[in-house]
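Here the protein sequences come in this chain order: A and B.
Residue numbering for the first sequence follows the working numbering, beginning at 3 and increasing consecutively.
Residue numbering for the second sequence follows the working numbering, beginning at -11 and increasing consecutively.
Note that CB positions come from ideal geometry on N, CA and C, so glycine has one too.
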Amino acid sequence: MAASPSDAVSAFWQDLHPPLSRHEAAVESDRCYFCHDAPCTIACPTDIDVPLFIRQIGTGNPAGSAKTILTENILGGMCARVCPTETLCEQACVRNTAEDRPVRIGELQRYATDHLMAAGVHPFERKPDTGKRVAVVGAGPAGLSCAHRLAMHGHAVTVFDALPRPGGLNEYGIAAYKAVDDFAQAEVDWLMMIGGIDVVHDSVLGVDVTLDGLKAEFDALFLGLGLGASNELDIDGETLDGVIDAIDFIARLRQSADPRTLSAGERVVVVGGGMTAIDAAVQSKLLGAHEVTVAYRRAETAMNASEYERNLAKTNGVAVRTWLSPKRVIGEAGHVQGMEFDVMSGSGADYRPTGKALTLPCDRVLKAIGQLFVTHPADVSDAPDAVPGKPIGESLALHGKRLQVDADRRTSDPAIWAGGDCAAGGEDLTVAAVQDGKLAAESIHRTLMQA
Amino acid sequence: MADLSSDFLGIRSPNPFWLASAPPTDKEYNVVRAFEAGWGGVVWKTLGENPNVVNVNGPRYGAIHSSDRKLIGFNNIELITDRPLEINLEEITRVKRDWPDRAMIVSLMVPCEEKNWRDILARVEDTGADGIELNFGCPHGMSERGMGAAVGQVPEYIRMVTEWCKQYSSLPVIVKLTPNIADIRGPARAAKQGGADAVSLINTINSIISVNLDTMSPEPSIDGHGSHGGYCGPAVKPIALNMVAEIARDPETAGLPISGIGGITTWRDAAEFIALGAGNVQVCTAAMTYGFKVVEELKSGLSDWMDQQGHARIADIVGRATPKVRDWQHLNLNYIAKAKIDQDLCISCGRCHVVCEDTSHQAITHEVDGQRRFQVIDEECVGCNLCVSVCPVQDCITMEQQTSGTDARTGEPISGDYANWTTHPNNPMRVPA
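Shown next, in the form of structure tokens:
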């Protein structure tokens, strides 16, 4: 079992959405129209039967409701917390048409899944052992989803993860206020109750294990590697002290035993327009930074972060400034002192320089301009004893800069499947990764049982 | 502004809204609060003989709720007043004296013996009350003792007791009917034959409102056991409306004044009862759900609607809908209507499609040209109104009468002539035209 969070962590991070009470859930569930061929379900990357699970809440069967959710999305608890529902199920809700106010699907989903997890119940049973063994690389949402579904089908699963704790970005990469009380670990513990899943931590692909080695040892292989690196700004001053990768910053504070001891900087500039930028900015503010600015090169509406997320930043005192394209980081004595931007103009996604420049004084720059799939997952030179396999990019076909997969999430190697952010064509969302893992597991299961 | 004042059997009240004989009218305290709130009259909770009855000392009510706990149906296992007769009579006297413009009706229930009725009638008359209501309706507790619904289910008893009351009292007699019978017209005719000045209906419907699935006890539960009780509230309104209409249009009872009761919650409910033939209405559950203030909505709503419709007095609307009630066989089979969906109002929930597809006539699309769209297929639509009933948006789906051309479903020309089942060729018992 994972360690419980320190009291300091629990006290510091306030839940973004306090859970619905039973009364609130009953009232809200009554708003669902139980639509035919429901738009919310169509909008859900994991095809959760939303009207059914809401109806089950309304009829006083939250455990049954949770099972409906978890049948399609084993990380339904986390997705209830981190999904951008405002651009998925809730955007599709027909209540928007008449009232501009969708059913609070995400919060209802959390109500049901919390209920079941609080009872310590795991509603799925593992089928008899098939004798087949599957390796899953990466204990993030895609890997965990795949592992659980495979275990349910009776296969023996070994999950290899490079980091000391499971969960992937759920554990290391999303804002603390979205998953308080160590929820990511509690969810993994609950997921593991299915049985048949072993997790090997601190095991790095390319160093401790190789594709060829895993292929030889297991009947099938699933890669849920995530994106190993962050994009660089490629501007002067990027190596100055105080220029930090936003994902690393979030990982550090997520793993901190006492957030109060973390330095947030005084004046912070966050470069980027996605969820990570917002997560990093809001947490910087909550940690005590005096001034936090999100700088984005295009219009606000072109940001990947949803309107809800942008408003969350603003209500937390974060300034969102647009049409600012990074030019250089200014420093003195090796430390960042400010950031200079080209001022852009345009409309929507189109933008061009105006010729003007703007400097924002700061003592910290957080880079959140997206991540990059690393085809060489480990720097082998640091591990001279390791037996490196071929770089992934040489073993498996890429589509664009990520792994090519088919509709079943099978890679160019018929024994290897992949999903989550490392696979091409995805949405870089937890919920999409869960769907990838589920689809891959079903495909692996069909393949193994035909053999 | 419309005149809401009511004259029912010569009993005047400032409005047609009376509180029915029930817990809200059991004591002077409550009734005074009701009059202060603006109720037109009360039917005092049923008096019985001494020694007074006793009630259970635990839950006596149960309810059916919607998901957000809106009360839809209500039941009770309470009996008639459990206070001594003398106290009730004293309070009735005082309240009527203090509130002379409000209607004061006294509900009565005593054993089916002439002497028992004669004795209590005299005492009630001394209070100055405006009338009496004979409780032949309560389905629980008292009926096991040969009173309440046990009388209301036997027309001969209704007639007999009504005759005694007319003989021994000068007060107007309202006979309250139980719905727990096969045909409401029998008891109503018996009341009229006995000389009743009016009938009031419905009393509560026999019911078990719910079962506690943990304890397996019906609710309300008394020490692990439950009993059937009387069902009321918004859910019973349709049953009551039909019974009111049956009596209003029965040639044997037509013209007999009716006090309408059963789930009246809004002004609209009240107007519907009056339109079907009720001279006034009685309310209980709405008050027990929301408090006496609901009468303000009842009064303003009815008054505003009457103004809009140009009705000056209550009497002008009594029974206006009664002639519109027909037996099925007399409905016009040449009337053709089809559903029409207003695409501007449609929110695309698809409920109309799925219920039509699954349970009816496959007459609503879910896709048009690959797009989610709900549209009526006239060739399949029988005009059943199911889609209208389930649509969450008011007026989004309407039933449109077809007056010319052919019916797209049958291919038959649409006729403006009236034709019903009695002459239909498929009717083996048709009468030659």
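query	result
Name the chain A residues that come within less than 7 Å of residue 335 of chain B, Cβ to Cβ?	96, 99, 100
From this set, B/250, B/305, B/343, B/165, which residue's C-alpha is nearest residue -6 of chain B's C-alpha?	B/305
Is it buried or exposed for residue 276 of chain B, if we count other Cβ within 10 angstroms and need 16 for buried?	buried
Closer than 8 Å, Cβ to any Cβ of chain A: which residues of the stretch 54 to 67 of chain B, in chain order?	54, 55, 56, 57
I need the boundaries of the beta strand (DSSP E) containing residue 288 of chain B, first residue and last residue.	Note, residue 288 of chain B: premise wrong, no beta strand (DSSP E); alpha helix (DSSP H) at 282 to 297.
Taking CB distances under 8 Å as the criterion, tell me whether residue 199 of chain B reaches chain A.	no
Along chain B, in chain order, which residues have C-beta atoms closer than 8 Å to that of residue 52 of chain A?	The premise fails here: residue 52 of chain A is roughly 13 Å from chain B at the closest Cβ pair, so nothing lies under 8 Å.
For residue 370 of chain A, which of A/244, A/296, A/256, A/197 has the nearest alpha-carbon?	A/296
Report the residue ranges of all beta strand (DSSP E) runs contained in full by the stretch 66 to 97 of chain B; include only those spanning at least 3 residues, in chain order.	91 to 96
Label residue 172 of chain A either buried or exposed according to how many other C-beta atoms from any shown protein chain fall within 10 Å of its C-beta, with 16 as the threshold for buried.	buried
Let me know if residue 354 of chain A comes out buried or exposed under the rule of 16 or more other beta-carbons within 10 Å of its beta-carbon.	exposed
Say whether the stretch 199 to 216 of chain A touches the stretch 150 to 166 of chain A, bearing in mind that this needs 3 or more beta-carbon pairs closer than 8 Å, one atom from each stretch.	yes
Using a Cβ-Cβ distance under 8 Å, would residue 116 of chain B count as near chain A?	no
For residue 77 of chain A, which residues from the same chain have a beta carbon less than 7 Å from its beta carbon, with the 5 sequence-adjacent residues on both sides left out?	143, 146, 147, 189, 432, 436
Listed in chain order, which residues of the stretch 313 to 347 of chain B have Cβ atoms closer than 7 Å to some Cβ of chain A?	335, 336, 337, 338, 339, 341, 342
Of all the CB atoms in chain B, is at least one closer than 8 Å to the CB of residue 117 of chain A?	no
Starting from residue 123 of chain B, trace the beta strand (DSSP E) in both directions and tell me its first and last residue.	119 to 123
Can you tell which of B/418, B/109, B/111, B/100 has its C-alpha closest to the C-alpha of residue 140 of chain B?	B/100
Just the C-alpha distance for residue 4 of chain B and residue 75 of chain B, rounded to the nearest angstrom, thanks.	28 Å
Check whether chain A comes within 8 Å of residue 381 of chain B, counting only Cβ atoms and requiring the distance to be less than that.	yes
Please specify which runs of the beta strand (DSSP E), each continuous and at least 3 residues long, are wholly inside the stretch 104 to 191 of chain A, giving them in chain order.	135 to 139, 158 to 162
Name the residues in the stretch 346 to 368 of chain B whose C-beta lies less than 8 Å from a C-beta of chain A; which are they?	354, 360
Determine the chain B residues that contact residue 35 of chain A at a beta-carbon separation under 7 Å, and present them in chain order.	337, 339, 380
Could you spell out where the alpha helix (DSSP H) holding residue 9 of chain A opens and where it closes?	9 to 14
Could one say the Cβ of residue 60 of chain A lies closer than 8 Å to chain B's Cβ atoms, at least one of them?	yes
Quick check on residue 395 of chain B: buried or exposed, where buried means 16 or more other Cβ atoms within 10 Å of its Cβ?	buried
What's the gap between the Cα of residue 100 of chain A and the Cα of residue 309 of chain A?	20 Å
Using a Cβ distance threshold of 8 Å, determine whether the stretch 100 to 112 of chain B contacts the stretch 145 to 159 of chain B, with at least three qualifying pairs required.	yes
What does residue 295 of chain A pair with, by DSSP beta-bridge criteria?	A/271, A/321
Quick check for students: name the residue ranges of the alpha helix (DSSP H) that lie wholly in the stretch 210 to 295 of chain A, counting only runs of 4 or more.	213 to 219, 248 to 257, 277 to 288
Quick one: residues in its chain with C-beta nearer than 6 Å to the C-beta of residue 336 of chain A, no 5 flanking neighbours on either side, listed in chain order?	243
Say whether the stretch 53 to 66 of chain A touches the stretch 405 to 414 of chain A, bearing in mind that this needs 3 or more beta-carbon pairs closer than 8 Å, one atom from each stretch.	no
If you count every other CB in all the chains shown that lies within 10 Å of the CB of residue -10 of chain B, and 16 or more means buried, which is it?	buried
Alpha carbon to alpha carbon, how far is residue 42 of chain A from residue 80 of chain A? Give it in angstroms, no decimals.	18 Å
Pairing CB atoms from the stretch 181 to 191 of chain B with CB atoms from the stretch 32 to 42 of chain B, are three or more of them under 8 Å?	no
Assign residue 119 of chain B to buried or exposed, taking buried as 16 or more other Cβ atoms, counted over all protein chains shown, within 10 Å of its Cβ.	buried
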